[in-house]
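Reviewing the structure listed below.
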Amino acid sequence: MFDFLPPLYTISKLSNWNQLVSLSLNNCQVEQINFVSAFQQISELHLQSNNIEDLSPLTGLIKLTYLNLKTNKVKCLHPISNLINLTKLDVNTNHIQDLISLRQLKMLRTLDIGYNSHIDIWGLQLLHSLVNLKMNRCEIADLSPIINLINLKYLTANENQLTQINVLHNLKVLQFIDLQYNYVLNKKPYQYVKDKWLSSMQRELNISDNQVTNLSPISNLVSITFLNQLSKNSIVNIFPIQQFINLKVLVCFNYNVFNYKSKQYIWYFSCKVLLQSYIFKRGIKYDY
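Residue numbers (the numbering used here): 1 to 288.
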């Protein structure tokens, strides 16, 4: 990969390097990307943290498999609608309003649309190859558009306006769900966790900041290995989940929770320092 660091003085000469296959221009104060149209062989392009709005120069780069546009000023994705070889796309922190232009990107496996306020996600319906979908802080209230994404394993939907996630019943291979800072437990508490699909498939669950008071309804999720996190809820005890024999880490930074010291609950943490020490000693690769 050819990687430029700011400030970028040689941008006008880049068009002569038409055999480039990978290029990083992250944080280079780039506004116009006309020069990239010459890179017909490029497969990986990083343009993170710039001031890019117009994506039309990308239209002909059909060999692109990874495109990083995080933190720019992009409003319209239509210019990349024909990049059918894309497998990974990051448009986090832009000004995108809809995803209709992505409908033909059938090879997409990883997509990050986080921090695009009021975005319409109906354009995701046909992206059946998606494995990893991140859409945090998008002001989303309805997950219906992803009901048929049957290959989805990782879903990050924290900081939205979700009240129910029953539409996820069809996603049989889900292993990770992040629902932090939502309202999924307000109207019909835990209705969704009673289902067999979640009981057998779920590996990691984040339900912090959801006004949870009782853990009894999730006592059947015996496959859980990471329960991350229960902080900022109103839980008073963790007895209902003592049968989680596969649980490695439970994060629960609640002051009102009984502080278990028994060796039976070595995976429980009410103190972040203790948690970090625990995962470090055991070589658990996880970022809290």
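Glycine is no exception: its CB is placed at the ideal position from the N, C-alpha and C atoms.
Could you please give me the residues that DSSP links to residue i through a beta bridge?
{"i": "D54", "result": "Per DSSP, none; premise fails for D54."}
{"i": "K73", "result": "Beta-bridge pairing links K73 to no other residue."}
{"i": "S49", "result": "DSSP, once it has assigned bridges, lists no residue as partnering S49."}
{"i": "S81", "result": "Partner(s): none; S81 has no beta bridge."}
{"i": "N68", "result": "H46 and D90"}
Run the CB neighbour count on residue i, radius 10 Å, all protein chains shown included, and call it buried at 16 or more, exposed below.
{"i": "A157", "result": "buried"}
{"i": "K106", "result": "exposed"}
{"i": "S117", "result": "exposed"}
{"i": "K134", "result": "buried"}
{"i": "K172", "result": "exposed"}
{"i": "D34", "result": "The residue you asked about is not Asp; residue 34 is Asn in the sequence shown. Looking at its Cβ environment, which holds fewer than 16 other Cβ atoms inside 10 Å, N34 is exposed."}
{"i": "N182", "result": "buried"}
{"i": "V21", "result": "exposed"}
{"i": "Q180", "result": "buried"}
{"i": "Q19", "result": "exposed"}
{"i": "I84", "result": "exposed"}
{"i": "L198", "result": "Any reading at L198 must be qualified, since the residue scores a pLDDT of 49, below 50, and its modelled position is unreliable; no value is offered."}
{"i": "S262", "result": "Unreliable placement is indicated for S262, whose pLDDT of 39 sits below 50; the coordinate value is still reported in the next sentence. By the 10 Å Cβ count, S262 comes out exposed."}
Is residue i near the ligand GDP, with its Cβ less than 7 Å from a heavy atom?
{"i": "I147", "result": "In terms of ligand content, the structure shown is empty, and the ligand GDP therefore cannot be addressed."}
Can you round the beta-carbon distance between residue i and residue j to whole angstroms, since I take them to be within the 8 Å contact cut?
{"i": "K75", "j": "I96", "result": "6 Å"}
{"i": "S129", "j": "L143", "result": "Contact flag wrong, Cβ pair sits at about 18 Å."}
{"i": "I140", "j": "N160", "result": "4 Å"}
{"i": "T110", "j": "V131", "result": "7 Å"}
{"i": "Q40", "j": "N68", "result": "Contact doesn't hold; Cβ gap of about 19 Å is too wide."}
{"i": "V36", "j": "N50", "result": "Actually they are not in contact, since the Cβ atoms of V36 and N50 sit about 12 Å apart, beyond 8 Å."}
{"i": "D90", "j": "K70", "result": "5 Å"}
{"i": "R137", "j": "Y154", "result": "Going by Cβ atoms, the distance from R137 to Y154 rounds to 17 Å, so no, they are not a contact pair."}
{"i": "I42", "j": "L23", "result": "6 Å"}
{"i": "L87", "j": "Y66", "result": "Sequence inspection shows Thr at residue 87; the Leu mentioned does not correspond to that position. The pair is a contact, with the Cβ atoms about 7 Å apart (cut-off 8 Å)."}
* When the Cβ atoms of the segment 45-58 are set against those of the segment 100-110, are three or more pairs found closer than 8 Å? -> By the Cβ criterion, the segment 45-58 is not in contact with the segment 100-110, since fewer than three pairs of Cβ atoms, one from each stretch, lie closer than 8 Å.
* **Every unbroken beta strand (DSSP E) inside the segment 100-165 [3 residues or more]** => Segments of the beta strand (DSSP E) lying fully in the segment 100-165: 110-112, 132-134 and 154-156.
* Can you find at least 3 beta carbon pairs, one from the segment 116-133 and one from the segment 162-169, that sit closer than 8 Å? -> Below 8 Å, too few C-beta pairs join the segment 116-133 and the segment 162-169 to call them touching: fewer than three.
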